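Worksheet: one structure, shown below.
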Amino acid sequence: MVQLKANRFDRNNNYQPILSNREIDEYAHAILKDYKPELLQEPGIINYQHFLESYLGMQILFHDIYNADSDKPILALTAFRDGMIKVFDRESESIKKVIVPARSVVMDNSIMGDDKEHLALFTGMHEGGHITMQWHVYTGETFDGELFDPDFEWNSDIEPIVYCRRSNIESKLSKKDNPTAEQWREHHADYFAAAITMPEATFRPFVKQLLREHGFYKGWITMGKDEDLDILAYDLLPEEISEVYGVSKRAARIKLKTSGYVRGIV
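As numbered in our numbering, residues 406 to 671 make up the sequence shown, in order.
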């Protein structure tokens, strides 16, 4: 597995990597080149379960994750250490605790239906982002089990089980909100999911081709000025991207925006 080589770290948050979007794009490219190079040659759908299990060495579990706040649904979680979580047992209609081993991902059953495959794909890759970029933040160790920095006192208040809610998945961070360290970790994981499901190597030429097919040659669309352009940017392009890459239209819209192909109101 290709390991992240970050140049900057936040010492106040367990050496959390400080990463730009471009650095995450480059990291995702290196991983795909090592895992399945053909995904860098032609647009296609990555098999997230195979990637998590065979490449990252993770175990995938499926449960009805217990959530006390129904307004903030939990889609998945990543366990960096052995632990226990609460789940809803449908047979007994009760809440119980189950063991989750270290280096495992738990996908909530609510996103495993036939009509949720786009969300399941992106959520799985989001959890993969946590593992690949933040392992030492939650464990204090490298992937080989060595201490990341033997002389550093790790903050044990950071829980080794990360719950990812709907608001964390297919999202876009606003720097105006002065994000916390946790919000930055979620942003990095989410951007990683976009970078690896829609890699720059195929995404940019594919979108440029789509724009030319729709009669646009300057390289981007500005929203908020023309209803037909708004429909193209908000519905038609995301739908075509969704079909090719297996992501949701929401994820495609955000990628179009962050890549500079759609400007103005989103």
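Think of the CB as a built atom: it goes at the ideal place given N, C-alpha and C, for glycine as much as any other residue.
Model, not experiment: these values are computed from the prediction.
Report the CB separation of residue 493 from residue 471 in whole angstroms; it is logged as a contact under 8 Å.
With a Cβ gap of about 6 Å, residue 493 and residue 471 count as contacting.
Alpha carbon to alpha carbon, how far is residue 621 from residue 417?
Computed Cα separation, rounded: 47 Å.
Under 8 Å Cβ to Cβ from residue 540, same chain only, skipping five residues before and after it: list those, please.
The residues are 485, 546, 547, 548.
Under a three-way DSSP split, which group does residue 509 fall into?
If DSSP states are grouped into helix, strand and coil, residue 509 belongs with the strands.
Just how far apart, CA to CA, sit residue 457 and residue 476?
Whole-angstrom Cα-Cα distance: 29 Å.
In whole angstroms, what separates the C-alpha of residue 479 from that of residue 573?
One C-alpha to the other measures close to 9 Å.
In terms of alpha-carbon separation, which member of 650, 522, 499, 509 lies closest to residue 565?
Out of 650, 522, 499, 509, 509 has the C-alpha closest to the C-alpha of residue 565.
Quick one: what does DSSP say residue 457 is sitting in, helix, strand or coil?
Three-state DSSP puts residue 457 in a helix.
Compare the C-alpha of residue 500 against each of 487, 520, 469, 507 and name the closest.
Comparing Cα-Cα distances from residue 500 to each of 487, 520, 469, 507, the minimum goes to 469.
By how many angstroms is the C-alpha of residue 413 removed from the C-alpha of residue 432?
Their Cα atoms are separated by approximately 15 Å.
Could you tell me which of 588, 650, 410, 533 sits nearest to residue 607, measuring between CA atoms?
It is 650.
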